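Novice: Numbering of the first sequence is given in the working numbering, commencing with residue 13 and proceeding in unit increments.
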Amino acid sequence: MLPADARIRSRQDFGSALKRGRRAARGGVVVHWAPATVQTEDQAAPPPTPPAADANRTARAGFVVSKAVGNAVARNKVKRRLRHAVAAELPHWPPGTDVVVRATPRAAERDFAELQRDLTEAVQAARTRKANRANDRRSTP
RNA sequence: CGAGAUGGCCAGGCGGUCGCGGCGGAUGCGGGAGACCACAUCCGGCGAGGAACGUCCGGGCUCCACAGGGCAGGGUGGUUGCUAACGGCAACCCGGGGCGACCCGCGGGACAGUGCCACAGAAAGCAGACCGCCGGUCUUCGGGCCGGUAAGGGUGAAACGGUGGUGUAAGAGACCACCAGCGCCGUCGGUGACGGCGGCGGCUCGGUAAACCCCACCCGGAGCAAGGUCAAGAGGAGCCGUGAGGCUCUGCGCGGAGGUUCGAGGGCGGCCCGCCCGAGCUCGCAGGAGCGCCUUCGCGGGUAGACCGCUCGAGCGCGUCAGCGAUGGCGCGCCUAGAUGGAUGACCGCUCAACGACAGAACCCGGCGUAUCGGCCAUCUCGUUCC
RNA sequence: GCGGGUGUAGUUCAUUGGUAGAAUGCGACCUUCCCAAGGUUGAGAGGCGAGUUCGAUUCUCGUCACCCGCU
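#1: Using CA atoms only, rank isn't needed, just tell me which of Glu121, Asp110, Ala125 and Ala120 is closest to Ala48.
#2: Report back the beta-carbon spacing between Val77 and Val98 to the nearest angstrom; my notes put them in contact at under 8 Å.
#3: May I have the straight-line CA-CA distance separating Phe26 from His104, to the nearest angstrom?
#4: Quick check on DSSP: helix, strand or coil for Thr52?
#5: Indicate the three-state DSSP secondary structure (helix, strand or coil) for Gly27 in the structure shown.
#6: Could you check how far apart the C-beta atoms of Arg35 and Val42 are, in whole angstroms? I think they sit under 8 Å.
#7: Is it buried or exposed, Asp123, if we count other Cβ atoms within 10 angstroms and call 16 or more buried?
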């Protein structure tokens, strides 16, 4: 499972990750991939997050499972399976990354193997999209 | 064997690996004078339900309010018990259903008053009479008029007791017998609801209170985001703005009592009576008043860290005694989640006829209601067959 | 955690306990060379389950769904 340090816990972190993150959907999940706020190229605007050392923190994940997924038992089950799947992926993510995983109503019907495949594919898609966007931004100006 | 009735129990089991949340222990490093704290690793043990659900009732706990009485509002509704309490439960009574075991019932009052009863029907509540029936009278022989009557017809959910007889012009509780129902009296049984028996009376006055209402009994408000401690900040009760009002508590400073009459005004958290407070004023003089820094309420906005509350309790299991029972007494044993983006997931082996329904704690209990795959146990009823 | 409200034609809403209506939409017909507009006409509903009552959309209880507010 996920240790406490690797979880997104505050409302602000959820909001910023959902806002900044690149989005990709597969099967029963939607992934928001928010890379570490390191001021690299184009000044990145005054970031809402404090200047605290963001990069040397471990990657974190948060989960959003709405009432549309099902009753409390179904929601808990989906959330626990997603946590387990993320725990396997987390070590491969760069430090400082925030990832929010949303579950769609279809997630309740998928077994663990399907859910795990959905997650890895969605994460892959979100990361590559991030790279493309970065390339576009670099070329256009 | 088949069909049922009632009560109770289980909620797949055993084991392994990697993780997660508390708790306990050990070791290491760091901080500290120390108690100890933080982090890491390892070990041990614990980790959702019978409904954790809905939030329909009742309590505990916490804060606020509170002399007392009445009104309003809400709730309950056979009796006797059980219980911390209840709208719950038990036994019993009454009414209804079932061959039966058994089940169902918001089950006080309709002579305290008011309202309503569509359509149909003559008539829907207090009497009255459409078609009839009978008598008298008139007649153009179709019937009209006057009187008596309510047995019969038809309408309706409901029509002023039912059946048979006596009686009469026709009829009628007018009278008689039996039956149903109402009221009163006596007596017996029962704590009681009520029931049994006997007698008398008028012969008989619909339904609806889950219509208003009457009667009896019960009910202060909010909820663990209650409430408290610590840190920061402007004196504090968390912060800011704005409007209206006010002087409660603590600390400090200024400062210096208390009592009585009248009393603008205010409070008693829906209202009233009533009670209480009360600037000022008067008398008066040694009792910490009063005032200020502030504070209360409404509206709007922003902020919210840590800890306590937080799980040992009307607790659970077994035995025994009292009781028809709900339940209670006593004895012995047991400790059983406490999170705060919120802990149970993944993989594998064996096993069961069945891969296994409904469903996830958030302060805690007692009920009720609802959802639910399948299985087990006990007692009882009816039917069939055999002995 | 606490509290409030609403379920009626496909849609938006009415309706003292006594045959459930309106607007709009839909179908057919008339009108027009055709369409629109207009006219005539038709179909179509009480969330679900019990109870009270002679009779329930209405009253009571339970249940389900949806919406809203406070903290």
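The beta carbon of each residue, even a glycine, is placed where N, CA and C say it ideally should be.
Note that the structure is predicted; figures quoted are calculated from it, not measured.
Specialist: Working from what's here:
#1: On the first sequence, residue 48 is found 36 positions in, with the first residue counted as 1. Answer by Cα proximity: Asp110.
#2: Residue numbering aside, residue 77 sits at position 65 when the first sequence is read from its first letter. Residue numbering aside, residue 98 sits at position 86 when the first sequence is read from its first letter. At roughly 13 Å, the Cβ-Cβ gap does not stay under 8 Å, so Val77 and Val98 are not in contact.
#3: Residue numbering aside, residue 26 sits at position 14 when the first sequence is read from its first letter. Residue numbering aside, residue 104 sits at position 92 when the first sequence is read from its first letter. If I take the Cα positions, the gap works out to 21 Å.
#4: Along the first sequence, read from residue 1 onward, the residue named residue 52 stands at position 40. Here the model assigns Thr52 a pLDDT of 35, short of 50, so the residue's position is not dependable, and the following value carries that caveat. In this structure, Thr52 counts as coil in the three-state DSSP scheme.
#5: Within the first sequence, the letter at position 15 stands for residue 27. Correct three-state label for Gly27: helix.
#6: Stepping through the first sequence from its first residue, residue 35 is reached at position 23. Stepping through the first sequence from its first residue, residue 42 is reached at position 30. So it is a contact: roughly 6 Å between Cβ atoms.
#7: Position 111 of the first sequence, counting from 1, holds the residue named residue 123. With fewer than 16 Cβ atoms within 10 Å of its Cβ, Asp123 is classed as exposed.
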